[in-house]
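Peer 1:
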Amino acid sequence: MTEMTFAEAIESALAQAMEGDESVFIMGEDVHLLRVNLFARFGKKRVKHAPISESGFLGAGVAAAMAGLRPVVEIMLIDFIGVAMDALLNHAAKINYFSGGKWNVPLVVRASCGGGYGDAGQHEQSLWGWIAHIPGLNVIVPSNPADAGGLMLAAIQSDEPVIYFEHKLLADYWRDYLGSGGRDTVTYDLPQDGVKGYVPDIWEPIPIGELRKFRDGDDITLISVGVGVHRCIDASQILENKGVSAEVLDLRTIAPIDLNAIKESVKKTGKVIVVDEDYKHFGLSGEISALILEEGMEFKFRRVCTEHTIPYDRKREDDTLPNVQRIVNEAMKVMGS
Amino acid sequence: MTEMTFAEAIESALAQAMEGDESVFIMGEDVHLLRVNLFARFGKKRVKHAPISESGFLGAGVAAAMAGLRPVVEIMLIDFIGVAMDALLNHAAKINYFSGGKWNVPLVVRASCGGGYGDAGQHEQSLWGWIAHIPGLNVIVPSNPADAGGLMLAAIQSDEPVIYFEHKLLADYWRDYLGSGGRDTVTYDLPQDGVKGYVPDIWEPIPIGELRKFRDGDDITLISVGVGVHRCIDASQILENKGVSAEVLDLRTIAPIDLNAIKESVKKTGKVIVVDEDYKHFGLSGEISALILEEGMEFKFRRVCTEHTIPYDRKREDDTLPNVQRIVNEAMKVMGS
Amino acid sequence: MTSKSYITICLNTNIVSNMEKSILLDMYRMMLRSRLFEEAVTELWEQGKISGEMHLGIGEEAVIAAVVSHLQDGDAIASDHRGTPPFLMRGIDPKALILEFLGDPKGLCSGQGGHMHLFSKEHLCASSGIVGAAGPAATGFALSMQYNKQKNIAVAFFGEGAVNQGMLMESMNLASAWNLPVLFVCKDNEWAITTPSEEVTGGELLKRAEGFGLKSIELNGLDIEEMHEALSGIIPNMRKNGDPHFILAHCVHKTGHFLGDPLMRFHGNFMEEFKEVSGPLMKSAAKRKGASVGKRANNIGKVLGLIRRSGKQMKEKFDPIIILEKKIKDQKEELNNIKEEITLEIGAIIDESLKLSNGGILK
Amino acid sequence: MTSKSYITICLNTNIVSNMEKSILLDMYRMMLRSRLFEEAVTELWEQGKISGEMHLGIGEEAVIAAVVSHLQDGDAIASDHRGTPPFLMRGIDPKALILEFLGDPKGLCSGQGGHMHLFSKEHLCASSGIVGAAGPAATGFALSMQYNKQKNIAVAFFGEGAVNQGMLMESMNLASAWNLPVLFVCKDNEWAITTPSEEVTGGELLKRAEGFGLKSIELNGLDIEEMHEALSGIIPNMRKNGDPHFILAHCVHKTGHFLGDPLMRFHGNFMEEFKEVSGPLMKSAAKRKGASVGKRANNIGKVLGLIRRSGKQMKEKFDPIIILEKKIKDQKEELNNIKEEITLEIGAIIDESLKLSNGGILK
Ligand SMILES: Cc1ncc(C[n+]2csc(CCOP(=O)(O)OP(=O)(O)O)c2C)c(N)n1
Ligand SMILES: Cc1ncc(C[n+]2csc(CCOP(=O)(O)OP(=O)(O)O)c2C)c(N)n1
Ligand SMILES: [Mg+2]
Ligand SMILES: [Mg+2]
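Protein chains in written order, with our numbering: chain S, 4 to 340; chain P, 4 to 340; chain G, 5 to 367; chain R, 5 to 367.
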């Protein structure tokens, strides 16, 4: 076991994958410096910096994967996928099906996501639930270093397209790059267990589609991904003081989703709060409620999500993104009712 | 009252809007012939055919709307929005918010959608729930001529961006264009009440965000949009024979959604089937379950949706899209449980 | 604006051939096989056995044949919505194609893709119904070739309308900046569905491609000889240097945009077809508010002009196969033998496919 | 590949001025005001009162001033992520800008947009943090001008990196095909964040623009005189003919990509900053598997080269304001008066804004 930051863990898993498989390469804007350590070691063939042509190089990544390579294509911020969505929607997600299951697209799309550092609504979206809507794509949202590395390895090894979300509040270099810029005059609400943690010495892939129970509890189930998981943990401590025992589930992958483990928890608690930094409507939170309902289970349900465009103003931003207070409030509502 | 086809109704409402307001114009690929009647009358300034540059002309449409025009931008098939998603995701949906509420984007995006004529998964998607995920966009999916016209007028008059979905199975010219091509050797499962119907002589806007109860019932609530509504009606007749009284709700607009009317029905029936031609997960069906649950109501829930990429083969396509048999099956499951 | 008109193409077509006869006969075989195959497909489509939009490559066979005949093992093709000719010429099992078109589980893509979404991993052939997607796809294939140091090339087939699609332009830049062996083949038939592309295209496509730093050449895509000769130079060079090229090949789509193209239907039976549209058209054009009377007359004139103009592409003098037949009319016997042989082959393919798929008819 | 290097620009800069002094002084005022404003913004940013990425226009003031000084009522601007100079020069309330940067409800956009998402309906000024979005936006504005028969123009400001974004290229085609009064202003600072754009750009941007049929011109964007003169010709002509133009204006971004740009930080304190990265870098570069030793040395050399090269843009000789000061050094007194006046103005703006926003400090 070693201690690593969230970003180090991803890089370390990537390095392990790259040294083990010549066909793995990274492509995206500025990767020669964003991934400078890998660039120094592997060079520009395998760490390939691209023009600002997301639809061009993401589309090329799909075909490169079809030709047998294992591209890790970086979309700098997931917000920028708007210009390149066709490659995911109509190609990566569909080619295996269209080919009658005969042609795989072993593509990883790595994109930073999330807010909490004052960059406003065009640069702080989450969109994981949005992308998971499209059948044929796997969607991963790790919340801590150990998961981040293990899931990156799994993503690279998968024969299916995987969209891998890297939360900017967890990744120190993104936080510095887009938020602090070397300043010590700004602060963030950092989830310490997400930012740094123990990781295995040699990475093993973490199966895609298995959630992780972060905290045991009996009264209520808090379900989240990414930074939201840590907000849930913090909320659960406050809830503890109010006599409420909250279980916290970190989905880790939202497509596929680990319904069995969710069911197990809800069977126990009968109450669910989904905490989702992605937009509230037509997304992850609704999907979870539907999946449980379809199982014929009865339960109370509330959600804490982003409900509108994320404002620039840091104060209003903090109110817009799911925060501990809102989670506690919703949990108490559910407990009270 | 006049009888009109679905397509005639839209055209007629458009014509009324265009004659009443010089700032309304149509822009998109091939609109000089797709809208030939309007082209003949209004000319190329107001019926403007565009190159195959969806991100360019949709982005231009956003700005033209900001400058005071009322563009109706056509994305020929909603599947093609992949190349132009940025204009909706990061601009149309956000500019009002970003400008502090000071600048509106009175844009209509008109897109054909839906399957049932054998064009496969890159040309038959629905995606309305997917687009409704983005806060700041209104989403309309009419199911019949009267609604199609009234909602088109409302969309044009709205000061907010509206995405207007035109189902290809309901619009005769699309069906002929992309499906029959003048042949009488192919047939479709056409919902007669959707394809043709009575409409007012002068169009009045239908308020965006009000559903329409299509059929009264006591035992179970079937909720849908577009062609799905008609499948629900057909299913309700079969259910009637099995002694089940189904209420059918046509949402008409899914963003905003008419939660009050849904609640009212569910209060009565306690059972919900959502029939959604869009993809099952992370979409409309989940959202409906969450909205009702959040109201603290208890109810049974199932859904009939598109679960994977739509296959080319017409037989398998019919099984993939929500059909009457699947609705009846799910309804009976809910009734039995 | 596209830079050569039909007329120019026609005038420029060599009518006396300099090329080795055996090559021309091979080309004839490839082109005719594709043509007769697509004509058989048309029949199945007419019978309702094929669903949806069926886009043919009839009229662009010389372009496809010239390119595909220079491909080798390991080369890749990314096709647009006119996938049949390249797939067929590349050697993909014709029965698998027909079965796919019939939506049969035994089809090339298990009946799940259909004619707009053809894929053969074995041949590195992919297609897409999204206009412009062939650009990034071929670029990605070429990237893998460069990555693996293969002496292969990747071909992107697309129309002149597609060159206004951002992702295609991005991919032209990518291929140029990264020096990838992509052959961009623009089949300029002057139309994008019902839009004359010159009306919505700024500048000239050849200059546009050059602006990306691509070596670019304009060719008469109706003349297999000119096409073949040019590609005999270009493709081997690309293998050597691994660099991208752009070809602007003028051609036609004889059957219109797709089978059942409304514009083309007018030519079959103008009065009958026009009757149907003219009612609403005239009624709308006569409504009170709107443009001035003069402008309205112009608008209708423009529509009629489009119909008239769309007929041009059906003319025999723009048919690459007829052009080739004229060139080698002294080989009448061989030509007839080839025709007979292919007719038989295709008849058998259709029969067997229909048998395999139990008639392939959707009730 | 961009076609002029810094050196060329530098040599080409006129050091003796031919332009009317009053115009040059006006330009000086506009440029200096923008500069000092952004320097004040930098201070607020350093103090942590402004959050997120703050991209400045320091180094491109001559380009913006030359364009904006020719704008009239009803003209529109679509800006990229460097929105401050165009908004300020266009006459938008500087306090509203500062309050916006502070995230205050009284800001230009109620504190909801922030520095990357500035909007002023009144001035038809919009901006966006999505690279390339200025193209379609300006095209849409210009479309409304053509629609309403206004003699106005719409300006798109963007960088050379943005020209590889599909939607920007699509909008160049649209403006050309539809003959819309869009002025495409490409501010070529040779960098897209940390990427030298020539490494990822095929062909030459001027030729690319010409390929779309746009009238195109290359200018020294550091020389306000050259810029102003050219635009005095172009913009009035655009009003008359309603046609699009493309300007390739070479300039620099003196403060790097954004405030706190890691590349630029090296120049302040190389050893300190490099220490932090060099550990992991060297460790990674020394790992067993990977490229050959020679290649690894090259890779590290490339990184160091980028750091070195990024420093160039900080040089005084590429500063458009210093260049202008040299040109009119005989006007020392006026220059000093202007400087003093603007310094006072900006000081007051900041003070008042801070007062209005209660210090604007996020705890
Ligand atoms: C992104 C996208 N936009 C629009 C369409 C609809 N569409 C299909 S083919 C076509 C015209 C293509 O023209 P061109 O590239 O010249 O090819 P051609 O059909 O003439 O061979 C259009 C607009 C599409 N399939 N994809
Ligand atoms: C679509 C998109 N891709 C990537 C980015 C990230 N990004 C922001 S600015 C920038 C570089 C822009 O370079 P250029 O256009 O030359 O402008 P400059 O910053 O040099 O002024 C990039 C890649 C973005 N904002 N939007
Ligand atoms: Mg064409
Ligand atoms: Mg730049």
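Just so it is clear, CB atoms sit at the ideal spot from N, CA and C, and this is done for glycine as well.
Note that the structure is a prediction, hence the values are computed from the model and not measured.
1. Does phenylalanine 168 of chain S come within less than 9 Å of chain P when only Cβ atoms are used?
2. Could you name the residues of chain G that phenylalanine 285 of chain S contacts, counting a contact when the two beta carbons are closer than 9 Å?
3. Quick one: any contact between the region 105-113 of chain R and the region 16-33 of chain P, if contact means 3 or more CB pairs under 8 Å?
4. Any heavy atom of ligand 3 closer than 8 Å to the CB of glutamate 65 of chain G?
5. Nearest by alpha-carbon distance to alanine 12 of chain P: which of P:Phe45, P:Gly62, P:Met155 is it?
6. If you draw a straight line from the C-alpha of serine 183 of chain P to the C-alpha of methionine 35 of chain G, how long is it?
7. Taking all protein chains shown into account, decide if methionine 88 of chain P is buried (16 or more other Cβ within 10 angstroms of its Cβ) or exposed.
8. Terminal residues of the continuous beta strand (DSSP E) containing lysine 110 of chain R?
9. By the 8 Å beta-carbon criterion, what residues does the region 248-269 of chain P contribute toward chain R?
10. Which runs of the beta strand (DSSP E), 3 residues or longer, sit entirely within the region 303-334 of chain P?
11. Any heavy atom of ligand 3 closer than 8 Å to the CB of lysine 316 of chain G?
12. Thinking leucine 144 of chain G and alanine 67 of chain S are a contact (beta carbons under 8 Å), I'd like their distance in whole angstroms, please.
13. Could you give the distance in angstroms between the alpha-carbon of glutamate 338 of chain R and the alpha-carbon of isoleucine 332 of chain R?
14. Specify, as a first and last residue, the run of the alpha helix (DSSP H) that glycine 144 of chain G falls within.
15. Out of G:His74, G:Asp84, G:Lys306, G:Lys219, state which residue places its alpha-carbon closest to the alpha-carbon of methionine 120 of chain G.
16. Nearest-angstrom Cα distance between valine 50 of chain P and glycine 294 of chain G?
17. Measuring only the C-alpha atoms, how far is isoleucine 11 of chain G from cysteine 255 of chain G?
18. Taking the CB atoms as reference points, tell me whether glycine 52 of chain G and threonine 272 of chain P lie closer together than 9 Å.
19. So who's on the other strand from methionine 358 of chain S, going by DSSP bridges?
20. Using beta carbons (cut-off 9 Å, strictly below), is alanine 3 of chain P in contact with chain R?
21. Once the 5 residues before and after glycine 231 of chain P are set aside, which same chain residues still bring their CB inside 7 Å of it?
22. Are the beta-carbon atoms of alanine 43 of chain P and leucine 285 of chain G separated by less than 9 Å?
23. Ligand 3 heavy atoms versus the CB of glycine 165 of chain G: any closer than 8 Å?
24. So leucine 209 of chain G and valine 167 of chain G are in contact, right, with Cβ under 8 Å, and what is the actual spacing, rounded?
25. When you measure from the CB of valine 186 of chain R to every non-hydrogen atom of ligand 1, does any distance come out below 8 Å?
26. May I have a chain-ordered list of the alpha helix (DSSP H) segments no shorter than 4 residues that lie completely inside the region 74-133 of chain P?
27. Could you have a look at lysine 199 of chain S and say whether DSSP puts it in helix, strand or coil?
28. Helix, strand or coil, according to DSSP, for lysine 274 of chain P in the structure here?
29. Quick one: does the C-beta of alanine 196 of chain R sit closer than 8 Å to a heavy atom of ligand 6?
30. With DSSP collapsed to three states, give me the class of lysine 216 of chain S.
31. Can asparagine 193 of chain G be considered in contact with ligand 1, in the sense that its beta carbon sits closer than 8 Å to one or more heavy atoms?
32. Look up methionine 300 of chain P in the DSSP assignment and say whether it is helix, strand or coil.
33. Please classify serine 26 of chain G as buried or exposed, where buried requires at least 16 neighbouring CB atoms within 10 angstroms.
34. Along the chain, where does the beta strand (DSSP E) containing threonine 5 of chain S start, and where does it finish?
35. Under DSSP, the alpha helix (DSSP H) around tyrosine 32 of chain G begins and ends at which residues?
36. Report the rounded CA-to-CA distance for isoleucine 96 of chain G versus methionine 58 of chain G, giving the unit in angstroms.
Peer 2: Put simply:
1. On the first sequence, position 165 is the one that residue 168 of chain S refers to. Using a CB distance cut-off of 9 Å, phenylalanine 168 of chain S does not count as an interface residue toward chain P.
2. Walking along the first sequence from the start, residue 285 of chain S turns up at place 282. Under the 9 Å cutoff, chain G gives no residues; its nearest Cβ is about 24 Å from phenylalanine 285 of chain S.
3. Too few Cβ pairs lie closer than 8 Å, so no.
4. Walking along the third sequence from the start, residue 65 of chain G turns up at place 61. It does not: the Cβ of glutamate 65 of chain G is nowhere closer than 8 Å to a heavy atom of ligand 3.
5. In the second sequence, counting from the first residue as 1, residue 12 of chain P sits at position 9. Nearest of P:Phe45, P:Gly62, P:Met155 to alanine 12 of chain P, Cα basis: P:Met155.
6. Along the second sequence, read from residue 1 onward, the residue named residue 183 of chain P stands at position 180. Along the third sequence, read from residue 1 onward, the residue named residue 35 of chain G stands at position 31. Each residue's Cα considered, the two are about 28 Å apart.
7. The residue given as residue 88 of chain P occupies position 85 in the second sequence. With a threshold of 16 other beta carbon atoms within 10 Å, methionine 88 of chain P meets it and is buried.
8. The residue given as residue 110 of chain R occupies position 106 in the fourth sequence. Per DSSP, lysine 110 of chain R lies in no beta strand (DSSP E) and is assigned neither H nor E.
9. Of all residues in the region 248-269 of chain P, none has a C-beta nearer than 8 Å to a C-beta of chain R.
10. Assignment of beta strand (DSSP E) within the region 303-334 of chain P, counting only whole runs of 3 or more residues, yields 303-309 in chain order.
11. Locating residue 316 of chain G in the third sequence gives position 312, counting from the first residue. Not under cutoff, so the answer is no.
12. Here the question's residue 144 of chain G lines up with position 140 in the third sequence. Here the question's residue 67 of chain S lines up with position 64 in the first sequence. In the sequence as presented, leucine is not what sits at residue 144 of chain G; that position holds glycine. With a beta-carbon spacing of about 4 Å, glycine 144 of chain G and alanine 67 of chain S fall inside the 8 Å limit used to define contacts.
13. Position 334 of the fourth sequence, counted from the first residue, corresponds to residue 338 of chain R. Position 328 of the fourth sequence, counted from the first residue, corresponds to residue 332 of chain R. Straight-line Cα distance between these residues: approximately 10 Å.
14. By 1-based counting over the third sequence, the position of residue 144 of chain G is 140. Judged by DSSP secondary structure, glycine 144 of chain G falls within the alpha helix (DSSP H) whose first and last residues are 138-151.
15. Here the question's residue 120 of chain G lines up with position 116 in the third sequence. Of G:His74, G:Asp84, G:Lys306, G:Lys219, the residue nearest in Cα terms is G:Asp84.
16. Residue mapping note: residue 50 of chain P aligns to position 47 of the second sequence, counting from 1. Residue mapping note: residue 294 of chain G aligns to position 290 of the third sequence, counting from 1. Taking the straight line from one Cα to the other gives about 12 Å.
17. Against the third sequence, residue 11 of chain G aligns to sequence position 7. Against the third sequence, residue 255 of chain G aligns to sequence position 251. Only weak support exists for where isoleucine 11 of chain G lies, its pLDDT of 45 falling under 50; the value from the coordinates is given anyway. When the Cα atoms are used, isoleucine 11 of chain G and cysteine 255 of chain G turn out to be separated by approximately 12 Å.
18. To locate residue 52 of chain G, count along the third sequence from 1; it is residue 48. To locate residue 272 of chain P, count along the second sequence from 1; it is residue 269. No. Outside cutoff.
19. The question about residue 358 of chain S has no answer here: the residues shown for chain S are numbered 4 through 340.
20. Residue 3 of chain P lies beyond the range of chain P shown here (4 to 340); nothing can be said about it.
21. Taking the second sequence and counting its residues from 1, the one referred to as residue 231 of chain P is at position 228. Answer for glycine 231 of chain P: Val278, Asp279, Glu280, Pro325, listed in chain order.
22. Working through the second sequence from its first residue, we reach residue 43 of chain P at position 40. Working through the third sequence from its first residue, we reach residue 285 of chain G at position 281. Yes, they are a contact pair.
23. Along the third sequence, read from residue 1 onward, the residue named residue 165 of chain G stands at position 161. Flag set: Cβ of glycine 165 of chain G near ligand 3.
24. Taking the third sequence and counting its residues from 1, one reaches residue 209 of chain G at position 205. Taking the third sequence and counting its residues from 1, one reaches residue 167 of chain G at position 163. In this structure leucine 209 of chain G touches valine 167 of chain G by the C-beta definition: roughly 6 Å separates them, less than 8 Å.
25. Here residue 186 of chain R is taken as the residue at index 182 of the fourth sequence, counted from 1. It does not: the Cβ of valine 186 of chain R is nowhere closer than 8 Å to a heavy atom of ligand 1.
26. Runs found: 98-101.
27. Here residue 199 of chain S refers to the residue found at position 196 of the first sequence. It is a strand residue.
28. On the second sequence, residue 274 of chain P is found 271 positions in, with the first residue counted as 1. It is a strand residue.
29. Absence of ligand 6 is noted for the structure shown, with ligand 1, ligand 2, ligand 3 and ligand 4 being the only ligands found.
30. As a first step, residue 216 of chain S must be located in the first sequence, where it is residue number 213. Strand at lysine 216 of chain S.
31. To locate residue 193 of chain G, count along the third sequence from 1; it is residue 189. In this structure, asparagine 193 of chain G has its beta carbon less than 8 Å from a heavy atom of ligand 1.
32. Start at 1 with the first residue of the second sequence, and residue 300 of chain P comes out as number 297. DSSP places methionine 300 of chain P in coil when its eight states are reduced to three.
33. As a first step, residue 26 of chain G must be located in the third sequence, where it is residue number 22. Burial call: exposed.
34. Against the first sequence, residue 5 of chain S aligns to sequence position 2. First-last of the beta strand (DSSP E) with threonine 5 of chain S: 5-8.
35. Position 28 of the third sequence holds residue 32 of chain G. Taken as a continuous stretch (DSSP letters only), the alpha helix (DSSP H) holding tyrosine 32 of chain G covers 25-50.
36. As a first step, residue 96 of chain G must be located in the third sequence, where it is residue number 92. As a first step, residue 58 of chain G must be located in the third sequence, where it is residue number 54. So the two alpha carbons sit approximately 19 Å from each other.
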